[in-house]
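Structure first, commentary second.
Numbering (the numbering used here), first residue to last: 2 to 132.
Below, the structure is given as structure tokens:
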């Protein structure tokens, strides 16, 4: 149970700091967890590494911005914490199969990495306690 709440805490921290520099070391330090334990537990609960999840969330938000905002691709790349438009375009193409410009031209947002919510149902807890 504690591990699940830790993963929820990590997910919340990521969402609140999605556009800032996020590293395993920084998250572990801010949340006061061992980075190795935190990384292992996060992967067990989500099926993704922290890096994969953060990258996916940032690219998902960028995809939304490309269809909803008139900002340049370079501005969006910087906003979602990519150091250059080239690095952003390479990552975007790897995930979406097209360049950000092509995606914008299509104009339809398709979620890539949705936000993960972990919730333990109270009836599951009560069932375990009764057993």
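We put the beta carbon where it would ideally sit given N, CA and C, even for glycine.
Through-space distance from residue j to residue i, alpha-carbon basis
i, j, result
"residue 75", "residue 51", "25 Å"
"residue 20", "residue 40", "20 Å"
"residue 97", "residue 16", "21 Å"
"residue 86", "residue 57", "17 Å"
Outcome for residue i when other beta-carbon atoms lying within 10 angstroms are tallied against a minimum of 16
i, result
"residue 59", "buried"
"residue 38", "exposed"
"residue 101", "buried"
"residue 118", "exposed"
"residue 81", "buried"
"residue 24", "exposed"
Residue i (DSSP reduced to helix, strand or coil)
i, result
"residue 101", "helix"
"residue 118", "coil"
"residue 6", "helix"
"residue 23", "coil"
"residue 14", "helix"
N- and C-terminal bounds of the alpha helix (DSSP H) containing residue i
i, result
"residue 66", "51-69"
"residue 46", "36-47"
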